[in-house]
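Down below is the structure, laid out as structure tokens.
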Amino acid sequence: MGLLDSILGKNKGEKQEGNVVKWIPLTAVSQLDNIVEVSKTNKAIIFKHSTRCSISASVLNKFEKKIGEGYQLYFLDLINHRDVSNAIAEQFNIVHESPQAILLENGKVSQQASHYEILELDL
């Protein structure tokens, strides 16, 4: 145990307590129709994340602390899956932004926001 760990009370290998977000990786355009179907019975959120953007990382971290239960959560690494991001923009008729959160309810987009406005979504 290092000095800072002993001061902060953290042990090596200790898991952080708190909200563990269970993301479903969104890696293929073919998943979008399924997400629409899921949203007819459960609220679904697509979170588009750029691994090259510090704002995206910050918003993702804060979003994971804020989000409650009752949502199907889909995570899109848009650097590796830009084709999926483009398909989202086309299928749901929304402008691509990053980071971006899209809430689907009853098969349709009910809310969407980008950057720090994601933290203001009415969830």
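FYI, the numbering for the sequence shown is 1404 to 1526, going by the working numbering.
Ideal placement from N, C-alpha and C gives every residue a C-beta, glycine not left out.
As the structure is a computational prediction, the values presented were derived from the model and not from experiment.
Contact annotation, Tyr1477 with Ile1449: C-beta distance approximately 5 Å; criterion of less than 8 Å satisfied. Residue environment analysis places Lys1468 among the exposed positions, since fewer than 16 neighbouring C-beta atoms fall within 10 angstroms of its C-beta. Taking 8 Å as the upper bound for CB-CB distance, Ser1442 and Asn1509 are in contact here, some 7 Å apart. One thing to note: Val1462 has its Cβ within 7 Å of the Cβ of Pro1502. The residue among Asp1525, Tyr1519, Glu1472 with its C-alpha nearest the C-alpha of Ser1459 is Tyr1519.
When DSSP states are grouped into helix, strand and coil, His1484 belongs to the coil group. Nearest to Gln1494 by alpha-carbon distance, out of Val1512, Asp1525, Lys1425, is Val1512.
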